[in-house]
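Engineer: Have a look at this one.
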Amino acid sequence: MKEFIEFIAKHLVDDPDQVNVTEVESDKGLLLKLSVGESDIGRVVGKEGRTARSIRTLLIAVAARQGIRAALEILDGSER
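Here it is in structure tokens:
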């Protein structure tokens, strides 16, 4: 899952070296935390959150095929 989100994010941003994904497992499932450079946050979120919603939809679909629950949290610069 982590590699999947990294792949998508790195192809959306101008500075792929700033992309960082961490996994947090809990009893509710898997939480992926995505952080990107400050100048790229708009590219990952997209207009009215459409890009972020699409990434989350893809993540949920891939996770469901593996029989797990997953969620994506996009961190802004202050939450790193």
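Numbering (our numbering), first residue to last: 767 to 846.
Backbone N, C-alpha and C fix where the C-beta goes; we use that ideal spot for every residue, glycine too.
Computed from a predicted structure; not experimentally measured.
1) Tell me which residues share the same chain as residue 772 and place their Cβ nearer than 7 Å to its Cβ, disregarding the 5 neighbours each side in the sequence.
2) Is residue 789 near the ligand MN, with its Cβ less than 7 Å from a heavy atom?
3) Could you pull the start and end residues of the alpha helix (DSSP H) that residue 805 belongs to?
4) Near residue 837, what residues of its chain come up, given a Cβ to Cβ distance below 6 Å and the 5 sequence neighbours on each side ignored?
5) Give the C-beta separation of residue 840 and residue 800 to the nearest angstrom, bearing in mind that I take them to be a contact with Cβ-Cβ under 8 Å.
6) Put residue 813 into one of helix, strand or coil per three-state DSSP.
7) I believe residue 806 touches residue 779 by the beta-carbon criterion, under 8 Å. Please report the beta-carbon distance rounded to the nearest angstrom.
8) Can you grab the Cα-Cα spacing for the pair residue 817 / residue 790, in whole Å?
Structural biologist: Well, looking at it:
1) Taking the first residue of the sequence shown as 1, we reach residue 772 at position 6. The beta carbon of residue 772 sits closer than 7 Å to those of 785 and 787, all from its chain and outside the five residues before and after it, given in chain order.
2) Because no ligand of any kind appears in the structure shown, any question about the ligand MN cannot be addressed here.
3) Indexing the sequence shown from 1 puts residue 805 at position 39. Residue 805: not part of any alpha helix (DSSP H); DSSP gives it neither H nor E.
4) In the sequence shown, the residue the question calls residue 837 occupies position 71. Apart from sequence neighbours up to five positions away, the residues of its chain that approach residue 837 with a beta-carbon distance below 6 Å are 797, ordered along the chain.
5) For the purposes of this step, residue 840 is taken as residue 74 along the sequence shown, with counting starting at 1. For the purposes of this step, residue 800 is taken as residue 34 along the sequence shown, with counting starting at 1. Yes, residue 840 and residue 800 are in contact; Cβ-Cβ is about 5 Å, under 8 Å.
6) On the sequence shown, position 47 is the one that residue 813 refers to. In this structure, residue 813 counts as helix in the three-state DSSP scheme.
7) Stepping through the sequence shown from its first residue, residue 806 is reached at position 40. Stepping through the sequence shown from its first residue, residue 779 is reached at position 13. Yes, residue 806 and residue 779 are in contact; Cβ-Cβ is about 4 Å, under 8 Å.
8) The count along the sequence shown starts at 1 and reaches residue 817 at position 51. The count along the sequence shown starts at 1 and reaches residue 790 at position 24. So the alpha carbons of these two residues sit roughly 22 Å apart.
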